[in-house]
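Quick note, the sequence shown lines up with residues 56 to 434 if you use this note's numbering.
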Amino acid sequence: MTSLSAASVVAGREIKTRLRSKAFVITGIILIALVLLGTLFGPRVAESLTSGGSSDTTVAISQDVVDASNTAEPHAGLDAVPGLEATTVEDAETVTDQVTSGEADAGLILTEVTDTNPMGIEVLSLGEPPSALIDALSIAPEITILEDSDAQNFAIMYLLGMIFGLVYFMAAILFGQTMASSVVEEKQSRIIEILLAAVPARAILFGKVLGNSIVAFAQIALMALAAVIGILVNGDDEQMPLLSEQMIAPTLWFVLFFAISFVMVAGMYAAAASMVSRNEDLGSISTPIVLLILVPYLLIVMYPTNTALVTAMSWIPFSAVVAMPIRVFTGEAALWEVLGSLGLLILTTALVLALATRIYQNSVLKIGKAVKFREALAS
């Protein structure tokens, strides 16, 4: 039996073991359902957070509009409309500043009277103009959508980083710890000695990594599909201006980065588990791996608007899986940057697997006290 065929047999065994586990199947269904619900209702939560929590739509009216009107307070009629609160400000520039900063939801300024705009009034807003304001005006005015500020996408960017990071962290920990436990159990029961009599250690390691990676990737692909479905549903909703098809590209890049990153993490878990002989020792030996995944996730979630930090972490293999899709969403990452980061991740994964193979071969048959890292790397 060649090493490739042996690795495929081990991988098949790992896949069957995972799929026969009721806990794994139930957990997977719950995670997919949570992702679907999150993409369906998360944007609505984000939109409510960015709306400032006010139930009334505030309208800033330029003094020019007041001077050109037939009444001293042209906003008196707007105040009578449920959901509208109008105030007069000094000039058109002040109106623009208030709308841009979010102090006012919309603004009215004086503009040139034309055949299409006989009122000579222009409505300013950051997104879709408030329907209550448009309905309150007897003649539809000219509408200008101001350029959105960075703050408008903050909630979506924060949720994106949190979801991607949480999915990656949970999958890495769940599958990594499960695979590590199986390695230790094989050492304790001495099944590994029987396996090594027929299969090379390298093939066993690759089979375990490959099998668990396939299962993890399949689960993440299903979660990504659920996310895309939710995104497309929201993309057809006129009330969801913050989230549309622009989320699909970051999601697909995340799936690709995840597939490679998980292989790297799985190799680290298998190598670390081969150095101990008791499940009680897994916690201490796997702590550095957990930190390599957790710390970048926390930094990205805590500082998603720090462009320099997110850019730097998008080039670090252990955090690129979360940071680079965020940069793709914001439009800050060029294609060459994405491909460069992906290439660096692939190179790092190959190096990690080479070291993991050496550690596994030197440690998996040593029963008793934990094998020291230097000893595991020795020839």
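Yeah, the Cβ is synthetic: ideal placement off N, Cα and C, and Gly gets one too. Quick caveat, the model's predicted, so the values are computed rather than measured.
Legend entry - Three-way DSSP call (helix, strand, coil) for A388 in this model: A388 falls in the coil class under three-state DSSP.
Inset, instruction - Ignore the nearest five residues each way along the sequence and tell me which others in L399's own chain have a CB closer than 8 Å to its CB. - result: Counting only residues of its own chain and dropping the five nearest sequence neighbours on each side, L399 has a CB closer than 8 Å to the CB of W370, P372 and A375.
Inset, instruction - Please report how far the alpha carbon of I247 lies from the alpha carbon of E392, in whole angstroms. - result: In this structure, the CA atom of I247 is about 43 Å from the CA atom of E392.
Legend entry - Terminal residues of the alpha helix (DSSP H) in which I249 lies: Its alpha helix (DSSP H) spans residues I246 to A253.
Legend entry - Neighbourhood of L179 by C-beta distance below 7 Å, restricted to the same chain and skipping five residues each side: Excluding residues up to 5 positions away in sequence, V150, T151, V154, A161, G162, I164, T199 and L201 lie with their Cβ nearer than 7 Å to the Cβ of L179 in the same chain.
Inset, instruction - Let me know the secondary structure DSSP gives S374 once reduced to three states. - result: DSSP, read as helix, strand or coil, puts S374 in coil.
Legend entry - Own chain, CB closer than 7 Å to K256, minus 5 neighbours either side, in chain order: Note that residue 256 is Ala in the sequence shown here, rather than Lys. Setting aside the 5 residues that flank it on each side, A256 is surrounded in the same chain by Y415, Q416 and V419, each with a C-beta closer than 7 Å to its C-beta; the list follows chain order.
Inset, instruction - State the CB to CB distance for the pair A66 and G266, rounded to an integer number of angstroms; the pair is presumed to be in contact (CB under 8 Å). - result: That pair is a contact at about 4 Å.
Legend entry - Contact under 8 Å by Cβ, N312 with A227: Residue identity check: residue 312 is Phe in the sequence provided, not Asn. Not closer than 8 Å, so no.
Legend entry - Counted within 10 angstroms of its Cβ, other Cβ atoms place K263 as buried (16 or more) or exposed: Its Cβ being crowded by 16 or more others within 10 Å, K263 is buried.
Legend entry - Which residues DSSP lists as bridging S117, in chain order: S117 pairs with V144.
Inset, instruction - Using 7 Å as the cut-off, classify the Cβ of Y358 as near or not near the heavy atoms of the ligand PLP, replying yes or no. - result: Ligands in the displayed structure: none, and consequently the ligand PLP is not present.
Inset, instruction - Identify which residue in V426, D122 and M379 has its Cα closest to the Cα of I355. - result: Nearest option by C-alpha distance: M379.
Legend entry - Residues sharing a beta bridge with L432, DSSP: Under DSSP, no beta-bridge partner is assigned to L432.
Legend entry - Nearest residue (CA-CA) to M225, options I275, A235, L251 and Q243: Taking only the C-alpha atoms, the option nearest M225 is I275.
Inset, instruction - Return the first residue and the last residue of the alpha helix (DSSP H) that Y362 is part of. - result: In the sequence as displayed, the identity of residue 362 is Thr instead of Tyr. For T362, the enclosing alpha helix (DSSP H) covers residues T362 to M368.
Legend entry - At least 3 beta-carbon pairs within less than 8 Å: the stretch 235-253 vs the stretch 325-337: Contact between the stretch 235-253 and the stretch 325-337 is present, because at least three Cβ pairs lie under 8 Å.
Legend entry - Residues bridged to T112 [DSSP beta-bridge criterion]: Paired residue(s): L139.
Inset, instruction - Within the same chain, show all residues whose beta-carbon is closer than 6 Å to that of S268, passing over the 5 residues directly before and after it, in chain order. - result: F317, V318 and A321.
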